[in-house]
Amino acid sequence: MISPSIFEHVVRIIEQCVSVSRASHKRKKRFATDLALVVLSIRYSTLRSCDLYGLDTLLINLRAKDPLFSDVVHLYEPTSDQSFFVNVSLFLAQDSIEETTFIAASSPPRIVQPSERLCKTWRMLRGKFDSSSTTLRLPDALSPCVTVPLAALLLEYPVAYVPEAGPGPMHVTLQVYECSITLPPGLTGIGVVKFSCPQGIAETVECWGLRDRYEARGVSMHVRKTIEVVDKLVL
4 MISPSIFEHV
14 VRIIEQCVSV
24 SRASHKRKKR
34 FATDLALVVL
44 SIRYSTLRSC
54 DLYGLDTLLI
64 NLRAKDPLFS
74 DVVHLYEPTS
84 DQSFFVNVSL
94 FLAQDSIEET
104 TFIAASSPPR
114 IVQPSERLCK
124 TWRMLRGKFD
134 SSSTTLRLPD
144 ALSPCVTVPL
154 AALLLEYPVA
164 YVPEAGPGPM
174 HVTLQVYECS
184 ITLPPGLTGI
194 GVVKFSCPQG
204 IAETVECWGL
214 RDRYEARGVS
224 MHVRKTIEVV
234 DKLVL
């Protein structure tokens, strides 16, 4: 169980090491909160959520300040220019690909199996990850058919969309899931996962596995469901 004092200690260290523009203070706070959840083994990973530069240097500085950061690695995906901070031990201990529903962004959307290219990239990551280095770079020129569902896997989304050729589905009714956690005692409503699923497929999507994983990490999860109608499915 994570105490609020340890959580606040980690957030404070991150905020001290991160330098962003004045206009980005709220995003800086959000980033510090998200990264603290990764550091404390509550989340697999977090996507960089504020305009940061020198992520290698940032992680080196954080590791120098507290050994709690020693198990976190920066993963860079160059095709989409995305950066993730990943908890190596948590990532290697649990394999989210087995509990993920893959949905082709076709008209209409349909459930598919993960592609061999995605599985190969996922296995490569799990084989290469260790905390001896600060950064791991994914191969250049990965297709969106790999990078889009890969991001969903890293963020522990129970649903991963897979792009297909063509314009994609239009006027889609979605079931939207917003998952927040409570850190005892009293740190409530911390958003960790937000994902969607086409309504016709939503009955096959199960959030209990995600909830169970988070509760095993010492936090309780609340899932809020809403319905949204979108003109175009944005991946």
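In the working numbering, each number is its position in the sequence shown, counted from 1, plus 3.
Glycine residues also receive a C-beta, built at the ideal position from the N, C-alpha and C atoms.
The model shown is predicted, which means the values in this text are computed figures rather than measured ones.
Proximity below 7 Å, CB of residue i to CB of residue j
i	j	result
Phe-39	Val-13	One detail in the question is off: residue 39 reads as Ala in this sequence, not Phe. Yes, Cβ-Cβ distance for Ala-39 and Val-13 is below 7 Å.
Leu-177	Ser-199	yes
Leu-145	Thr-82	yes
Arg-227	Glu-159	no
Val-179	Thr-103	no
Gly-171	Leu-236	yes
Thr-150	Glu-80	yes
Val-42	Leu-71	yes
Ile-5	Gly-194	no
Leu-50	Phe-105	no
Ser-73	Ser-134	yes
Leu-95	Tyr-47	no
Cβ-based neighbour list, residue i, same chain, cut-off 8 Å, excluding 5 preceding and 5 following
i	result
Asp-98	Arg-129
Glu-231	Thr-176, Leu-177, Val-179 and Ser-199
Ile-100	Pro-117, Cys-122, Trp-125 and Leu-156
Glu-18	Lys-31, Lys-32 and Ala-35
Ala-26	Because the pLDDT of Ala-26 is 44, which lies under 50, any placement of that residue in the model is unreliable, and the question is left without a value.
Leu-190	Pro-7 and Phe-10
Collapsed DSSP secondary structure at residue i in the structure displayed
i	result
Ala-144	coil
Ser-48	strand
Glu-18	helix
Glu-159	coil
Ile-230	strand
Leu-38	helix
Val-1	Because the chain here runs from 4 to 238, residue 1 falls outside it and cannot be looked at.
Ser-223	strand
Leu-139	strand
Val-237	coil
Residue i at chain D interface by Cβ criterion, 7 Å
i	result
Ala-144	Absent from the structure is chain D; it holds one protein chain and no more.
Selection from the options that minimises the alpha carbon distance to residue i
i	options	result
Ala-168	Thr-49, Gly-57 and Ser-109	Ser-109
Leu-238	Leu-190, Pro-152, Ile-204 and Lys-123	Pro-152
Cys-20	Ser-48, Ile-9, Asp-59 and Ser-6	Asp-59
Tyr-201	Val-195, Gly-194 and Ala-163	The question names Tyr, yet the displayed sequence has Pro at residue 201. Closest by alpha carbon: Ala-163.
Val-89	Ile-45, Glu-119 and Ala-67	Ile-45
Lys-197	Gly-203, Ala-154 and His-174	Ala-154
Gln-85	Asp-143, Val-91, Val-208 and His-174	Asp-143
Asp-234	His-174, Ser-183, Ala-205 and Arg-216	His-174
Contact set for residue i: own chain, Cβ-Cβ below 7 Å, skip 5 residues either direction
i	result
Cys-210	Pro-161, Tyr-180 and Val-226
Ile-16	Leu-65, Lys-68 and Asp-69
Lys-131	Leu-139
Val-208	Thr-104, Pro-161, Val-162 and Cys-200
Sequence-distant residues of its chain with Cβ nearer than 6 Å to residue i (five each side left out)
i	result
Arg-113	Ala-107
Leu-62	His-77 and Thr-137
Leu-141	Glu-80
Pro-147	Pro-166
**Report entry** Any alpha helix (DSSP H) of 4 or more consecutive residues that is wholly inside the stretch 176–217
**Finding:** 202–205
Requested in this report: Output the residue ranges of the beta strand (DSSP E) runs that lie fully inside the stretch 60–126 and measure 3 residues or longer, sorted by chain position.
Outcome: 75–80, 85–90, 104–107 and 113–115
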